[in-house]
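Following: one structure in structure tokens, then a few remarks.
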Amino acid sequence: MEIMQALLYIGFLFSFFLIFLSSRVQHKNLPPSPPTSPILGHLHLLKKPFHHALHNLSDKYGSVLFLWFGWRPVLVISTPSAIEECFTKNDVIFANRPLFPSTKLLAKDSFVMSPYGPYLRNLRRFATSEIFSSARIQMTSIIRTDEIRCLVKKLFAVGNREVEVNSLFYMLTFNIMMRMVYGERYFEGHELESEKGRAKFNDVNLIFGSPSGPCVSDFFPFLKFVSSLIGNVKFKRLLKKRDVFLQNLIDTHRRKKRSCSTTEEGDEKRKSIIEVMLLLQESEPELYTDDIIKAIIKVMLVGGTETSITTLEAAVSFLISHPNEFNKARDEIDFNVGQSRLMNDDDLSKLKYLHCIINETLRLGPTVPLIPVHESSRECVVGGFSVPKGTLLIVNTWALHNDPKLWGDPALFRPERFNGVEGEKAGFKLVPFGLGRRACPGESLARRFIPLALGTLIQCFDWEKVEVNYEEGGKKMEKAKLMQVVFRPREALMDTLFKL
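Okay, so the sequence shown: first residue is 912 according to the numbering used here, each after it adds one.
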């Protein structure tokens, strides 16, 4: 009996092995690839950090690299020519996101995870025309300016004590996004210094934190059930809390709207995103459901906060470690803005070196060293090689931004390399916001908010290092401890700061 069970077990494994191998459809002219393991594919070659492991494989086998993650084919690229080919000629083909079992719950009503089609195009159309249009960004400049002034007042009141910059920047960016979306800020004053305020911060940070990537089990068909179970356990409760939070925002606005019989003349400029979408819901209810409104809010509160926080924190760390660059940025601000007032949106076009600092920070310390994964909807050609349908596309931005063939001395923090080159015009050498039809729709907003916040801190305060966790070259992107900084008010700005 035991022998029979053993034979059946061996037969089952052998049958699975044959099915597994047959699932790897043989294609001619595939890109170069390392020797593969029968079951794991190339997963055993990927050690943390993954962007370094992928870079090492690309160095050995080629800049257009083909891998197997279990049963899933994967294309890894890290050169401007390959990136351009994928996101111009093959842009529509790579416009999809893969649906992994462990993260399929996140795909529901998600701007980032939803498949390419009418639903996504409608979301992006609204985002482009109503949220991130030039008119809307200009209209909301008062919100950004006001919240940055509140941050400066807080730091001025704190005096010479160290502050933890991550939570400081989180409060700043989340308040800006909430005022754009909802019309009111979420955090008030010194709220984070109280136990109740910290609990409030931790709660919202948890439900709007960036989701983790796929699990190893996502790459094996026979572990699909396990992967789905892991996803359910990991996300279901969090997503429910997020949904309740967002629905409350919508319902509150709906109640306010019902209680007001008329809308004041000229009130259009002060409408929040939710108010605009509720008006559209009345005329086009099938296009602007509550779920779609929540999807728009999610992309702002999740994507709009995390990337800005990480970039600001990295810029502060780099500038603390490079006082010459800090002083050069301050001299530029003092010359173009002066010391009798704080800088504003209208000054940004004159502060070229400040923008160089932002671009160099985005190059050296990308918020995401690997662009979120795309998936090919049909077979295509990249770099002269055949790429099968259903291939995952990974763009290794860390490798691209640290390529010595593209950037002289890439490990050095040298903002001057961007003199005369705007980040948006750096072509396919600098891609911190992604590319193509899935590119970050909020890039234009980020390029107004981040330099204004960073420039104001440079203008108003001397910075003293307490703990720095970013290393040059982006080689250590994870923080061992939260960075602490002392912002000392500048003597030359005391009169201006007292007037706030």
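Idealized CB from N, CA, C, for every residue including glycine.
C-beta contact flag for residue i and residue j at 7 Å
i: residue 953; j: residue 1307; result: no
i: residue 1001; j: residue 1224; result: no
i: residue 1211; j: residue 1332; result: no
i: residue 1038; j: residue 1352; result: yes
i: residue 1284; j: residue 1009; result: yes
i: residue 1198; j: residue 1033; result: yes
i: residue 1157; j: residue 1208; result: yes
i: residue 1268; j: residue 1374; result: no
i: residue 1219; j: residue 1357; result: yes
i: residue 1012; j: residue 1129; result: yes
i: residue 949; j: residue 975; result: no
i: residue 1360; j: residue 1398; result: no
i: residue 1369; j: residue 1226; result: no
i: residue 1299; j: residue 1290; result: yes
i: residue 1354; j: residue 1187; result: no
i: residue 1027; j: residue 1007; result: yes
i: residue 1090; j: residue 1054; result: yes
i: residue 1341; j: residue 1305; result: no
i: residue 1161; j: residue 1203; result: no
i: residue 1221; j: residue 1278; result: yes
i: residue 971; j: residue 964; result: no
Per-residue DSSP class, three states only, for residue i
i: residue 1048; result: helix
i: residue 949; result: coil
i: residue 1250; result: coil
i: residue 960; result: coil
i: residue 1401; result: coil
i: residue 1002; result: coil
i: residue 1341; result: coil
i: residue 997; result: helix
i: residue 1377; result: coil
i: residue 1352; result: coil
i: residue 1042; result: helix
i: residue 1393; result: coil
i: residue 1286; result: strand
i: residue 967; result: helix
i: residue 1328; result: helix
i: residue 1173; result: Below a pLDDT of 50, predicted positions are generally treated as unreliable, and residue 1173, at 48, falls in that range; no measurement from the model is reported.
i: residue 1463; result: A question about residue 1463 goes unanswered here, because the residues of the chain that appear run from 912 up to 1411.
i: residue 1150; result: helix
i: residue 1012; result: helix
i: residue 1029; result: helix
i: residue 940; result: coil
i: residue 992; result: helix
i: residue 1131; result: coil
i: residue 979; result: strand
i: residue 1160; result: helix
i: residue 1187; result: helix
i: residue 1279; result: coil
i: residue 986; result: strand
Rounded distance between the beta-carbons of residue j and residue i, thought under 8 Å
i: residue 977; j: residue 1025; result: 27 Å between Cβ atoms; not a contact.
i: residue 998; j: residue 1347; result: 4 Å
i: residue 1183; j: residue 1094; result: 4 Å
i: residue 1363; j: residue 1257; result: Not really, about 10 Å apart at Cβ, beyond 8 Å.
i: residue 1083; j: residue 1066; result: Between residue 1066 and residue 1083 the Cβ distance is about 11 Å, and since that is not below 8 Å, they are no contact.
i: residue 1324; j: residue 1271; result: 6 Å
i: residue 1366; j: residue 1262; result: 6 Å
i: residue 1098; j: residue 1086; result: 6 Å
i: residue 1165; j: residue 1189; result: 6 Å
i: residue 1004; j: residue 1288; result: 6 Å
i: residue 1213; j: residue 1119; result: 5 Å
i: residue 1407; j: residue 1228; result: The pair is not a contact, with the Cβ atoms about 26 Å apart (cut-off 8 Å).
i: residue 981; j: residue 1131; result: 5 Å
i: residue 1060; j: residue 1404; result: With a Cβ gap of about 13 Å, residue 1060 and residue 1404 do not count as contacting.
i: residue 1293; j: residue 1046; result: Between residue 1046 and residue 1293 the Cβ distance is about 38 Å, and since that is not below 8 Å, they are no contact.
i: residue 956; j: residue 968; result: 7 Å
Any non-hydrogen atom of the ligand NAP within 6 Å of residue i CB
i: residue 1036; result: Absence of the ligand NAP is noted for the structure shown, with no ligands found whatsoever.
Neighbour flag for residue i against chain C, beta carbons, 7 Å
i: residue 1319; result: Within the model displayed, chain C is absent; a lone protein chain is all it includes.
What alpha helix (DSSP H) runs, 4 residues minimum, are completely inside the segment 1054-1121?
1076-1092 and 1106-1118
For the segment 985-995 against the segment 1311-1319, are there 3 or more C-beta pairs whose distance is under 8 Å?
yes
Which runs of the alpha helix (DSSP H) spanning at least 4 residues fall entirely within the segment 1206-1275, listed in chain order?
1215-1232, 1234-1247 and 1263-1275
Evaluate contact between the segment 1231-1245 and the segment 1066-1073, counting only Cβ atoms and requiring at least three cross-stretch pairs below 8 Å.
no
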